[in-house]
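The block underneath contains the structure these notes are about, expressed in structure tokens.
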Ligand code: DCP
Ligand code: MG
Ligand code: MN
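In full-length UniProt numbering, the protein residues as written are 1 to 337.
What follows is the structure in structure tokens.
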């Protein structure tokens, strides 16, 4: 979810906003994933830097910041703006598409289609709900709420209720909050919950995973913790949650929640994946390929000489995955890029 400001509390939030705007432009208008990733990676490196950056040269010392971005930072620091960003802001299609892609479920392709159909504002979107799928309609309904970051403490409050609801279904279900929360973020875009059960192994009947997840979702829905569904598949639920009015939360903002179930024997690959960050996952997968392994959210496998991956390697903790590929263990808090 790169849709909200990631770095409001960073001393370099101006630079981060600039890079975010360039990233969004590359994604939405130029449809260039490599350039989007370059800007995003630089933005994340700078967002994680705790002191104010005073020159492009200083920024370039950070992993992920190259010469061209260094030059842009110099221009931004000396003039307070960037010519390229000013041009982008004058591009009507970019303005419309950045707005449309703020809605969960509307990606660049859908935004482009809506824009071609003449939809350029949220009011027009609300008047054309028939052009949207279910996920996107819910996205429009809660647009304001979903674009607000969730304070870490609220994630904890939500999770307490979710955990109680999970235990009611089955004491043996194991669960953990992953995503940006597990990486120690002060604010999160959504609540990411991973669950597993000792009776649910990758060899189990597929329907069994659906059963545990469905029972958890049904229970949390009946106690009004989950109040809307974006999608609900065999192993992945995407929905909307809210703290009940009885809790002493000052707000009742609707929050995005994802719940995934992973077979117990694949739990740690799932945990690693779901903890992210997405860019950290990408670089770790790249490292795996270099070392002759293939990693995904279910397994780590050694690539055979014919290019066919072998059996799932035995993994009993996250550290095992790092050990197999000869990479130093990285704590969740440090899994940035
Ligand atoms: N993930 C991934 N690649 C994606 C999407 C997700 O590897 N394209 C993994 C890494 C993410 C995790 O799933 O950390 C959870 O996805 P989120 O979109 O919830 O991302 P975060 O929790 O990291 O950030 P946010 O605070 O925006 O929710
Ligand atoms: Mg998340
Ligand atoms: Mn998520």
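Ideal placement from N, C-alpha and C gives every residue a C-beta, glycine not left out.
Quickly, what does DSSP pair residue i with across the bridge? List them, please.
{"i": "residue 239", "result": "229, 257"}
{"i": "residue 295", "result": "300"}
{"i": "residue 151", "result": "187"}
{"i": "residue 100", "result": "Its beta-bridge partners do not exist; DSSP assigns none."}
{"i": "residue 82", "result": "Looking at the DSSP assignment, residue 82 forms no beta bridge with any residue, so it has no partner."}
{"i": "residue 192", "result": "258"}
Starting from the C-beta of residue i, find all residues in its chain whose C-beta is less than 6 Å away, skip the five residues before and the five after it, and write them out in chain order.
{"i": "residue 43", "result": "16, 19, 20"}
{"i": "residue 184", "result": "333"}
{"i": "residue 9", "result": "none"}
{"i": "residue 166", "result": "173, 175, 216"}
{"i": "residue 2", "result": "Note that residue 2 scores a pLDDT of 38, beneath 50, so its modelled location is shaky and nothing firm can be said."}
Among the options, which residue has its Cα nearest to the Cα of residue i?
{"i": "residue 192", "options": "223, 29, 270, 327", "result": "270"}
{"i": "residue 95", "options": "233, 29, 293", "result": "29"}
{"i": "residue 266", "options": "284, 312, 228", "result": "312"}
{"i": "residue 11", "options": "32, 63, 54, 233", "result": "54"}
{"i": "residue 84", "options": "303, 179, 25", "result": "25"}
{"i": "residue 109", "options": "27, 232, 154", "result": "27"}
{"i": "residue 196", "options": "219, 188, 314, 176", "result": "176"}
{"i": "residue 153", "options": "187, 259, 71, 336", "result": "187"}
{"i": "residue 22", "options": "66, 31, 39", "result": "39"}
{"i": "residue 168", "options": "337, 146, 155, 216", "result": "216"}
{"i": "residue 336", "options": "159, 71, 274, 278", "result": "278"}
{"i": "residue 105", "options": "133, 49, 179, 64", "result": "133"}
Is residue i near the ligand DCP, with its Cβ less than 7 Å from a heavy atom?
{"i": "residue 235", "result": "no"}
{"i": "residue 273", "result": "yes"}
{"i": "residue 241", "result": "no"}
{"i": "residue 276", "result": "yes"}
{"i": "residue 185", "result": "yes"}
Starting from the C-beta of residue i, find all residues in its chain whose C-beta is less than 8 Å away, skip the five residues before and the five after it, and write them out in chain order.
{"i": "residue 240", "result": "138, 142, 226, 227, 228, 229, 230, 254, 255, 256, 257"}
{"i": "residue 115", "result": "93, 96, 97, 100"}
Does the Cβ of residue i lie closer than 7 Å to at least one heavy atom of the ligand MG?
{"i": "residue 270", "result": "no"}
Counting only the same chain and skipping the five closest in sequence on each side, list residues whose C-beta sits under 7 Å from that of residue i.
{"i": "residue 151", "result": "187"}
request  = Can you list the residues near the ligand MN, meaning Cβ strictly closer than 5 Å to any non-hydrogen atom, in the order they appear in the chain?
outcome  = In chain order, the hits are 190, 192, 258.
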